[in-house]
Amino acid sequence: MQSPIYGGIDVSKDMFDYAAIDTQNTTIKKGSLQMNRDGFQELEKLIQSYPNAVVGFESTGTYHINIMSFLLSITEHVHLLNPALVKKFAEADSLRKTKTDAVDALVIARFLIHRQYNISATTEIDSAYLTQLARLRESITRDVAKTKTHLKQMLNIAFPELLKSANLFTDTLLHILIQFPSAKAIRKATKKGIRKTFYNLTKSRGKNPNLNPDQLYELAKKSIGTADESLEMAIQFDIKHLEFLQKQLDEVTSKLIDNVNKHFANELEILKSIKGIGDTTASHFLSEVKNIHRFSSAKQLIAYSGTDPSVKQSGNMIKKGKISKRGVSSLRRVGYLITCSVIRHDCVFRDYYLRKRAEGMVYRKAVIATWNKLLRVIFAILTKQVKFDHNHG
């Protein structure tokens, strides 16, 4: 039987480097190809000339997805590697003398020989799709927050009293503001017209904005707000844009939860057994972490989150500093949301957070400490495939 050949691929936006070695670490072939159809076809010829080739490459956000899909269409011996583990191996690899893309491809090939590569790329295509959905949702959420902030800034000029007197972000009030986008516009209308618009919208849109049409009219009469046509247009645009973004957010959230349910249904239910974690945050977490068996310990999971302490060593002195932030920033962001919610709803983690605060930790540091505890618990329950027991938390 022919000995396997190990191929490392280092991916960038417009090209990729490859290096092939045998079991004796002898370089057989290396080079660079363009990230296009011609480059893929050249790569296919190379792989076909080595039937026992094992191919590996790092997860690079989005750059690796197309080449991964292509490789899986021509061979099953494809492995997606954790960049942190490859980097750690590279630092210990005495053969590594310089830092170039070509050498990185060789290091990846050597990593395939010397380490267990138990992440199969076939399981990662769907996971990559989930990650993209989660990141898209996160991006839309930021746009929603930005649009809301801008709308409030505009209304602070056009109708400042409204911000203090009503629940602004209800469908009813937002649609009233599309028709009457300032205190000046409301004053120009008749009381009867405002009432009619208000009740028609309340009937079709539901939630009441904490004030009735007469109160809205009186508020506008006493308002110090000023607005010209351009400001009113900006308010109308923000509201319509907000409505569009909210529809997008609902659609992407629904799609994310549905797809996570297809691939990680049991894990989703296990995470939701912790009070304060719901479908949306659990789905985002799983889209980032994927298969828990990628991590050999809770410590690795915490490092992946980037909330492990950075370590500085000088001589015999070892000093732990701020969090490393070497992990996945999106996981840290959703981790912050999860932790704040869990602190509010789950007494086990709330008590832990309050204990850290009593020890003198500032708010954010105590939240991070609670998140790390939460990650240790999550690692344990997902690994054991059991729901969280609040009596033994």
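At the far end of the sequence shown sits residue 396, using the working numbering, and the numbering has no gaps. Built from N, CA and C at the ideal position, the CB exists for glycine as well.
Judged by DSSP secondary structure, threonine 229 falls outside any alpha helix (DSSP H); it is assigned neither H nor E. Membership of valine 89 in the alpha helix (DSSP H) is indicated by the continuous run 86 to 95. Here asparagine 375 is buried: its Cβ has 16 or more other Cβ atoms, across all protein chains shown, within 10 Å. Nearest to leucine 115 by alpha-carbon distance, out of Ile12, Leu234, Arg140 and Glu235, is Ile12. At the C-beta level, methionine 38 and aspartate 17 come within 9 Å of one another. Straight through space, the alpha carbons of phenylalanine 201 and lysine 155 are spaced by roughly 21 Å.
Between threonine 134 and lysine 293, the C-beta gap is smaller than 9 Å, which places the two residues in contact. Secondary structure note for tyrosine 366: it is in no beta strand (DSSP E), and the uninterrupted alpha helix (DSSP H) holding it is 366 to 387. Secondary structure at valine 337: helix, using DSSP grouped into helix, strand and coil. In this structure, arginine 190 lies near alanine 223, with their beta-carbon atoms less than 9 Å apart.
For the stretch 151 to 186, the full-length alpha helix (DSSP H) segments reaching 4 residues or more read 163 to 168 and 174 to 182 along the chain.
Bounds of the beta strand (DSSP E) holding glycine 11 are 8 to 14.
By the criterion of at least three beta-carbon pairs nearer than 8 Å, the stretch 225 to 243 is in contact with the stretch 177 to 190.
Taking 9 Å as the cut-off, the beta carbon of alanine 112 is found closer than this to the beta carbon of tyrosine 9. By the neighbour-count criterion, in which a residue is buried when 16 or more other Cβ atoms sit within 10 angstroms of its Cβ, glycine 330 is buried. Counting only runs of 3 or more residues that sit fully inside the stretch 35 to 88, the beta strand (DSSP E) segments are 56 to 61 and 81 to 84, in chain order. Contact check between the stretch 140 to 158 and the stretch 228 to 247: three or more CB pairs, one atom from each, fall below 8 Å, which counts as touching.
The beta carbon of tyrosine 220 is closer than 6 Å to those of Lys194 and Ile197 in its chain, skipping five residues each way along the sequence. Inter-segment contact for the stretch 296 to 311 and the stretch 330 to 345 is present: three or more beta-carbon pairs are separated by less than 8 Å. Contact check for isoleucine 381 against isoleucine 277 passes: the beta carbons are separated by less than 9 Å.
For methionine 157, the closest alpha carbon among the candidates Asn85, Ser142, Glu235 and Val110 is that of Glu235.
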